[in-house]
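For reference, the structure is listed below as structure tokens.
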Amino acid sequence: MFTGQTSFDQPFIISSSHLLEVNTDAPCDVNPCYNNGVCRNKVNDYRCICPEGYYGYHCECGSRVFTSSTGSFSSPNYPHPYTNNLYCTYLIRVQSGQRINLAFTSIITEDKYDYLQVFDGSRVSDRRLLNFSGSIDNASIIQSTGNVILVLFTTDGSITERIHCYLYLAFMREINFYMKLANLTRVKQ
């Protein structure tokens, strides 16, 4: 798992490349691996060796840890549709004594097959705050009870959509978050 502080100057984009065609005789001739993954040929197949912090069949997804008191991130491959077979985790950990408000400006996933889940803690065994599949076109806010939230995004092997933006803010008092949320610029499809 990748650990460390993340810059929030840009949306979280894991990869902007697309796999167009892979030659099954020598699939690594055109590297199908994202995020500087190294391709290794196998019999009628290939394997991507992913750099630290990335995983997935094509190294298309990663584990991210956010420790800043405010930030934002987007789904893999944003603004393009996310890829298939993802298992992406985003851990938000703020200072002890603070809580986290997590807002989604727009969510579109393949209903009943691709899921966005949010857990009130650092593990998937912690209390689930959100288990979502489908679409939402207005800001939704989730609030933690502590200083850690785990966001898990999973997709199946078929239709892909896009999750536009996740925003979060650590808070001691609630009012500042709602004032900032009211000033958000909506992300257009």
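Under full-length UniProt numbering, the letters of the sequence shown match residues 1 to 189, in that order.
The C-beta atom is built at its ideal place from N, Cα and C for all residues, glycine as well.
Item to check | Distance, T105 Cα to V187 Cα | outcome: The sequence position of residue 187 within the sequence shown is 187, counting from 1. The sequence position of residue 105 within the sequence shown is 105, counting from 1. Residue confidence for V187 is low, a pLDDT of 39 falling below 50, so the modelled location carries little weight and cannot support an answer.
Next on the checklist: If you reduce the DSSP assignment to three classes, tell me which class C48 lands in.
Outcome noted: In the sequence shown, the residue the question calls residue 48 occupies position 48. C48 falls in the strand class under three-state DSSP.
Checklist entry - Quick one: any contact between the segment 107-124 and the segment 145-152, if contact means 3 or more CB pairs under 8 Å? => result Segments in contact, yes.
Next on the checklist: To the nearest angstrom, how far is the alpha carbon of L116 from that of Q98?
Outcome noted: Along the sequence shown, read from residue 1 onward, the residue named residue 116 stands at position 116. Along the sequence shown, read from residue 1 onward, the residue named residue 98 stands at position 98. Take the alpha-carbon of L116 and the one of Q98: they are about 23 Å apart.
Checklist entry - Leaving out five residues before and five after E60 in sequence, what residues of the same chain have Cβ atoms less than 8 Å from its Cβ? => result Position 60 of the sequence shown, counted from the first residue, corresponds to residue 60. I14, S15, Y34, N35, Y54, P76, N77, T83 and L86.
Checklist entry - So which of G134, C88 and V118 has the shortest CA-CA distance to R128? => result The residue labelled residue 128 in the question sits at position 128 within the sequence shown. Considering only alpha carbons, the answer is V118.
Checklist entry - With distances taken from CA atoms, which of I142, K112 and V65 is nearest S158? => result As a position in the sequence shown, residue 158 is number 158, starting the count at 1. Measuring C-alpha to C-alpha distances from S158 to each of I142, K112 and V65 identifies K112 as the nearest.
Item to check | Chain-order list of residues whose beta-carbon lies under 6 Å from that of D156 (same chain, five-residue window excluded) | outcome: Looking up residue 156 in the sequence shown gives position 156. Cβ-Cβ distances below 6 Å link D156 to Y113 in the same chain, with the five nearest sequence neighbours on each side left out; the list follows chain order.
Checklist entry - So who's on the other strand from R102, going by DSSP bridges? => result Sequence index remark: in the sequence shown, residue 102 carries index 102 (1-based). A quick correction: the sequence has Leu, not Arg, at residue 102. L102 is bridged to I142 and Y168.
Checklist entry - beta strand (DSSP E) containing V65: first to last residue? => result Position 65 of the sequence shown, counted from the start, is the residue given in the question as residue 65. C61 to F66 is the span of the beta strand (DSSP E), which, as asked, contains V65.
Next on the checklist: Less than 8 Å between C-beta atoms, sequence neighbours within five positions excluded: which residues of the same chain meet that for R40?
Outcome noted: As a working note, residue 40 is residue 40 in the sequence shown. Within the same chain, R40 has close Cβ partners C28, Y46, R47, C48 and I49.
Checklist entry - Roughly how many angstroms lie between the CA atoms of T70 and P32, to the nearest whole one? => result As a working mapping, residue 70 is identified with position 70 in the sequence shown. As a working mapping, residue 32 is identified with position 32 in the sequence shown. Going by C-alpha positions, T70 is about 34 Å away from P32.
Item to check | L152 Cβ short of 8 Å to the ligand COA heavy atom set | outcome: The ligand COA is not part of this structure, which contains no ligands at all.
Item to check | Which of helix, strand or coil DSSP assigns to C88 | outcome: Start at 1 with the first residue of the sequence shown, and residue 88 comes out as number 88. Strand.
Checklist entry - Between which two residues does the beta strand (DSSP E) harbouring K112 extend? => result To locate residue 112, count along the sequence shown from 1; it is residue 112. Segment: none, K112 is in no beta strand (DSSP E) and carries neither H nor E.
Checklist entry - According to DSSP, is C33 helix, strand or coil? => result Indexing the sequence shown from 1 puts residue 33 at position 33. Three-state DSSP puts C33 in coil, outside helix and strand.
Item to check | Start and end residues, beta strand (DSSP E) containing F149 | outcome: Taking the first residue of the sequence shown as position 1, residue 149 is located at position 149. First, the amino acid is wrong: residue 149 is Ile here, not Phe. Membership of I149 in the beta strand (DSSP E) is indicated by the continuous run V148 to T154.
Checklist entry - Do you know whose CA, among T154, L130, F66 and T160, lies nearest L91's CA? => result Locating residue 91 in the sequence shown gives position 91, where the first residue counts as 1. If we check each option's Cα against that of L91, F66 comes out closest.
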